[in-house]
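Inspection log for the structure reproduced underneath, given as structure tokens.
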Amino acid sequence: MKNSILKFTFWKVVAVIIIVAGLYSAFIRFTQGLGASTNLSDAFPWGLWIGFDMLCGVGLAAGGFAICAVTHIFNVEKFKPLARPAILTAFLGYILAVCGLMFDLGRPWAIWHAIIMWNTHSVMFEVAWCVMLYSTVLFLEFFPVVLERFKLPKILKIIKRVSIPIMMLGILLSTLHQSSLGSLYLIMPEKMHPLWYSPLLPVFFYLSAISTGFAMVIFEAFLSARAYNHGLKLNLLSACSFISIIFIIINFTLKIVYLSMSGKLQYLLILSPVTYLFYLEILIGTIVPAFFLSSRKFREDKKYLYFSSVFIISGFLLNRINVSITSLAAMSKASYFPSITEISVTMMLVVIGMWAFKLIIQNFPVFSEELELEKPVSVIESISKPLTLSE
Amino acid sequence: MIKQKGMLYDVTLCVGCGSCYNACKEQNKLPATNKDYLKDHLSDKTFTVIEQYGELYSRKNCMHCKEPACVSVCPVGAFTKTELGPVIYDVNKCIGCRYCMQACPHKVPRYEWTSLNPRVRKCILCYDRLKKGLPTACSEACPTGATLFGDLDDLVIEAKKRLKENPSTYYQSIYGLKDAGGSSILVISPVPFEQLGFTSHLPGEPLPKLTANAMEKIPGVVSVGALCLGGLYWLTKRKNEIAKEERLQKKESRSHEK
Numbered sequence: 001m002k003n004s005i006l007k008f009t010f011w012k013v014v015a016v017i018i019i020v021a022g023l024y025s026a027f028i029r030f031t032q033g034l035g036a037s038t039n040l041s042d043a044f045p046w047g048l049w050i051g052f053d054m055l056c057g058v059g060l061a062a063g064g065f066a067i068c069a070v071t072h073i074f075n076v077e078k079f080k081p082l083a084r085p086a087i088l089t090a091f092l093g094y095i096l097a098v099c100g101l102m103f104d105l106g107r108p109w110a111i112w113h114a115i116i117m118w119n120t121h122s123v124m125f126e127v128a129w130c131v132m133l134y135s136t137v138l139f140l141e142f143f144p145v146v147l148e149r150f151k152l153p154k155i156l157k158i159i160k161r162v163s164i165p166i167m168m169l170g171i172l173l174s175t176l177h178q179s180s181l182g183s184l185y186l187i188m189p190e191k192m193h194p195l196w197y198s199p200l201l202p203v204f205f206y207l208s209a210i211s212t213g214f215a216m217v218i219f220e221a222f223l224s225a226r227a228y229n230h231g232l233k234l235n236l237l238s239a240c241s242f243i244s245i246i247f248i249i250i251n252f253t254l255k256i257v258y259l260s261m262s263g264k265l266q267y268l269l270i271l272s273p274v275t276y277l278f279y280l281e282i283l284i285g286t287i288v289p290a291f292f293l294s295s296r297k298f299r300e301d302k303k304y305l306y307f308s309s310v311f312i313i314s315g316f317l318l319n320r321i322n323v324s325i326t327s328l329a330a331m332s333k334a335s336y337f338p339s340i341t342e343i344s345v346t347m348m349l350v351v352i353g354m355w356a357f358k359l360i361i362q363n364f365p366v367f368s369e370e371l372e373l374e375k376p377v378s379v380i381e382s383i384s385k386p387l388t389l390s391e
Numbered sequence: 001m002i003k004q005k006g007m008l009y010d011v012t013l014c015v016g017c018g019s020c021y022n023a024c025k026e027q028n029k030l031p032a033t034n035k036d037y038l039k040d041h042l043s044d045k046t047f048t049v050i051e052q053y054g055e056l057y058s059r060k061n062c063m064h065c066k067e068p069a070c071v072s073v074c075p076v077g078a079f080t081k082t083e084l085g086p087v088i089y090d091v092n093k094c095i096g097c098r099y100c101m102q103a104c105p106h107k108v109p110r111y112e113w114t115s116l117n118p119r120v121r122k123c124i125l126c127y128d129r130l131k132k133g134l135p136t137a138c139s140e141a142c143p144t145g146a147t148l149f150g151d152l153d154d155l156v157i158e159a160k161k162r163l164k165e166n167p168s169t170y171y172q173s174i175y176g177l178k179d180a181g182g183s184s185i186l187v188i189s190p191v192p193f194e195q196l197g198f199t200s201h202l203p204g205e206p207l208p209k210l211t212a213n214a215m216e217k218i219p220g221v222v223s224v225g226a227l228c229l230g231g232l233y234w235l236t237k238r239k240n241e242i243a244k245e246e247r248l249q250k251k252e253s254r255s256h257e258k
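And the structure:
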């Protein structure tokens, strides 16, 4: 017991240091500008804040829509315990991605322009609208948890009526912008390394977002189970891992088919750090998890399941960084490595996200057995009247 | 009908005197950035440069594409391709995402990195002068006629004529005629363009087409997706209900048997 308190304090100190450093970096960014605080340049205008905070933040949040589709559209009831944590992660993920964007934009105070100044040819315009709408959807999807906590059955009843259309809208919006984050790069064929550029980028982004979404569900379930001692629903998690690996294999097959059809396989033979990074991405994101998760024995083993999810997530992160940074740096004379300021702002956002997740699951019924939304309203009223809801 | 304007830059005529560089600085009220203009590079304070490649000079500035990537990618429509030809920028719309810089095939737009209220900066083909019927400042300053201003259609004819009349002098291609869908700036030179620092191997079709190919699938994805989701929801729900009823019936029949 004493040990766990000590460990907790250690991480608390680390978190505080990261946040203080992040706040200082934020101060530098907003008082001295992008030039002084980042390693961005005319030759390399998008860096870590787009490549990691935006692309990875939104991608890792894909668990929210993926699980919702399984539980509320395909009506696979047994997955319902996983829905709320996934929706919460997604909501936090989007908020943090938008926070990261506020650092990256040169004129962040003008971000609302996207609402009234339209350019329908722009992928980024589409992404902006999808992210705005989907964040609202996520809020509505998570709102019942808040209503339950504060015992407000009447509003809950209204939300319940519109929950299915809202979830469908959420899935459609996610499909659009998860793929469109890949479409952002379609317009720069000559600027990107051929191993990553592909007209199929939106498809790759979409498929990998789904597989990583499920991996994130597994990863969070393990972390929160360890921290709060609720039981692990291993059969559900291994089912998640199975869905994840199916999408990974489809994605990988498509990639290889594309590379061979477009005559790009030769680039795999050019041995350079860039090619090694491509191999590394495939190794940790595809081969290692495929090896473990294709066997039922490993898939139902806690340890392998956990490590496979970590590998899938790492492979995903490397892929997004490779698309947004490596592939561009490889083709231009400019080099880029994020500055301390960029890194520390990113770390601060990650820490804030984890801290918020922790705080919310401590105070709201996130890990409750099923969505109260699904119970008849009379039942909801009967639960919420007596003071039986535990803290 | 308004005729599109443009410029023809003939490398064989350029003597690298720097008149265009200075005229541009003056016209756009830009501060001095380098004592030796030949060593300067495009920046938020320099919209055109002259680069030296051996005995040849190569001038760089915004190409003013016919279907510009910057115009198509800007989420708030801060860039406009005007009827006269210039691609202009409206800072009052800009949110500072820098997608224009990321997307530009000619790597032209520059950013005010040191400013807290940063703008994207680039050549705007002296749009204000063009509106008054004046030529660009750089072409007016050019003493040798290396930078020629005129109606784009006439310039294309002129460039083709020069290539045809002096096949031994010119590399037989016009940069900007088809590259990335074509532009309002045309370049002719005695050597292949990549030797003068131009981006070669650009697709022949406008780059925004690549994005449009993906974007035009959106309505289909949304409608088919909505139908599939609705259908699957209905099917799976019905399936669950039937399963539940069957379970109930079994229970009932069992209790009847008892």
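Protein chains in written order, with the working numbering: chain P, 1 to 391; chain L, 1 to 258.
For each residue, glycine too, the CB sits at the ideal point set by N, CA and C.
C-beta neighbour in chain P for residue i, strict 8 Å
i, result
"L/Ala159", "no"
"L/Thr114", "yes"
"L/Ala103", "yes"
"L/Gly182", "no"
"L/Cys94", "yes"
"L/Gly176", "no"
"L/His256", "no"
"L/Pro196", "The residue asked about is misnamed: residue 196 of chain L is Leu in this sequence, not Pro. So no, L/Leu196 is outside the interface."
"L/Ser58", "no"
"L/Ala243", "no"
"L/Ala69", "yes"
"L/Asn240", "yes"
"L/Cys97", "yes"
Closer than 8 Å to chain L by CB, residue i
i, result
"P/Ile243", "no"
"P/Pro394", "Here chain P has residues from 1 to 391 only, and residue 394 of chain P is not among them."
"P/Glu370", "Any reading at P/Glu370 must be qualified, since the residue scores a pLDDT of 45, below 50, and its modelled position is unreliable; no value is offered."
"P/Phe291", "no"
"P/Pro202", "yes"
"P/Ile313", "no"
"P/Ala110", "yes"
"P/Ser183", "yes"
"P/Ala239", "no"
Cβ distance (whole Å) where residue i is taken to contact residue j below 8 Å
i, j, result
"P/Met132", "L/Cys97", "The pair is not a contact, with the Cβ atoms about 15 Å apart (cut-off 8 Å)."
"L/Phe47", "L/Cys123", "4 Å"
"L/Pro68", "L/Val87", "5 Å"
"P/Ser241", "P/Ser308", "6 Å"
Residue range of the alpha helix (DSSP H) that includes residue i
i, result
"L/Gln27", "19-27"
"L/Phe149", "Not the alpha helix (DSSP H): L/Phe149 falls in the beta strand (DSSP E), residues 147-151."
"L/Leu196", "That residue, L/Leu196, is in no alpha helix (DSSP H); it is neither H nor E in DSSP."
"P/Ile340", "340-363"
"L/Tyr175", "Premise fails: L/Tyr175 is in no alpha helix (DSSP H) and is neither H nor E."
"P/Phe278", "273-282"
"L/Ser223", "218-257"
"L/Gln102", "99-103"
Beta-carbon spacing of residue i, residue j below 8 Å
i, j, result
"L/Cys94", "L/Ala78", "yes"
"L/Gly181", "L/Glu205", "yes"
"L/Lys60", "L/Val71", "no"
"P/Gly33", "L/Trp113", "yes"
"P/Tyr185", "P/Val323", "yes"
"L/Tyr111", "P/Asp42", "yes"
"P/Ile171", "P/Ala86", "no"
"L/Gly225", "L/Leu152", "no"
Bridge partners - residue i, DSSP secondary structure assignment
i, result
"L/Cys126", "DSSP lists no partner for L/Cys126."
"L/Tyr57", "L/Gln52"
"P/Leu254", "Beta-bridge pairing links P/Leu254 to no other residue."
"L/Ser43", "L/Thr46"
"P/Phe44", "P/Ser41"
"P/Ser179", "Per DSSP, none; premise fails for P/Ser179."
"P/Phe91", "P/Phe91 pairs with nothing; no bridge assigned."
"L/Thr263", "No information on residue 263 of chain L is available, as it lies outside the stretch 1 to 258 that chain L covers here."
"L/Leu186", "L/Leu8"
"L/Tyr111", "L/Val120"
"L/Cys65", "L/Ser183"
Boundaries of the beta strand (DSSP E) in which residue i is found, first to last residue
i, result
"L/Met7", "5-10"
"L/Ile88", "87-89"
Contacts that residue i makes with chain B (C-beta to C-beta distance below 7 Å)
i, result
"P/Gly35", "Of the protein chains in the structure, P and L, none is chain B."
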